[in-house]
Amino acid sequence: MKKMLAFLILLPTLGLAENLIKDGTMDTSTAWKGDRKFEEFENNRALVIEAKKNRSVMVSQETNTRELADLTVKFRYRSADYKGRGLQFRGTRTDDSSTFRTLDVKADGQWHDYSTTFTAVRGSKEVTFSFELLEGEGTVYIDDVVIEGKS
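Convert by adding 5 to the 1-based position in the sequence shown; the result is the number in the numbering used here.
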C-alpha cells in the first residue's frame, strides 16, 4: 500500500523536467545579479533591463547544470521602445569560455516567446547564464525563464 501511495504522489511529476533557473518567474529579487530591477504590471512581475548608450547591461545567475550537455532555454521578452544591437543570452562556463545567442528585440509592446537549444555546455556543472542588453536605448522586460535538460 505504501508503494502504491508513493507512486501516486510521484506520478504527476514524472516526465516533467526540472527548471535549473531559480526564480524564473521573477517572483522574488534574490536569484538574479547585476543591473536589474523588477516591475509589476498586468498582474505580472518581470525583470526589467534598461539599455545604456555606452555599454552593455547584464543580469546573471549561476546555475548548477547537473553536468547535462544539452539544455533547452525558454523565456519571454517584451519591449515598446528598445533601439539597439539586441539582447544576448549567454552561458559562461567555469573556464570562462562561453556560448551565446543574440536576438533582435521586437519593440512592439507585445510579449514574444524565445526558445533555443543550448548544446555547448560541455558537461560543465556550474554555468553562469546571463541576459546582456547590448548598447542602445530603451527597456526590455524578461519573464518566465526556463532552462531544463533537453528531452
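Glycine residues also receive a C-beta, built at the ideal position from the N, C-alpha and C atoms.
The beta carbon of Lys38 sits closer than 8 Å to the beta carbons of Val64, Ser65 and Gln66 from its chain, once the five residues preceding and following it are set aside; these are given in chain order.
In this structure, the straight-line span from the alpha carbon of Val62 to that of Ala22 is close to 30 Å.
Counted as a single uninterrupted DSSP element, the beta strand (DSSP E) harbouring Leu76 occupies residues Leu76 to Arg83.
The straight-line gap separating the alpha-carbon atoms of Thr107 and Glu137 is approximately 9 Å. Taking the Cα of Ser103 as reference, the smallest distance to any Cα among Glu55, Val145 and Thr124 is reached at Thr124. The straight-line gap separating the alpha-carbon atoms of Lys88 and Arg71 is approximately 37 Å. About 16 Å separates the CB atoms of Asp148 and Thr35; that is not less than 8 Å, and the two are not in contact. Its chain contains Leu139, Glu140 and Gly141 as the residues whose beta carbon lies nearer than 7 Å to that of Arg90, once the 5 sequence neighbours on both sides are disregarded; these appear in chain order. Around the beta carbon of Phe134, 16 or more other beta carbons lie within 10 angstroms, which makes this residue buried.
In the assembly as shown, Arg83 is a buried residue. Its beta-carbon has 16 or more other beta-carbons within 10 Å. According to DSSP, Arg50 shares a beta bridge with Glu45. Glu131 is a Cβ neighbour of Thr99, given a cutoff of 7 Å. Spatial neighbours of Ile26 in its own chain (CB-CB distance under 8 Å, excluding positions within 5 residues in sequence) are listed in chain order as Ala36, Gln66, Thr68, Phe134, Val150, Val151 and Ile152. If you draw a straight line from the Cα of Thr121 to the Cα of Thr77, it is about 6 Å long.
About 17 Å separates the CB atoms of Val53 and Tyr119; that is not less than 8 Å, and the two are not in contact.
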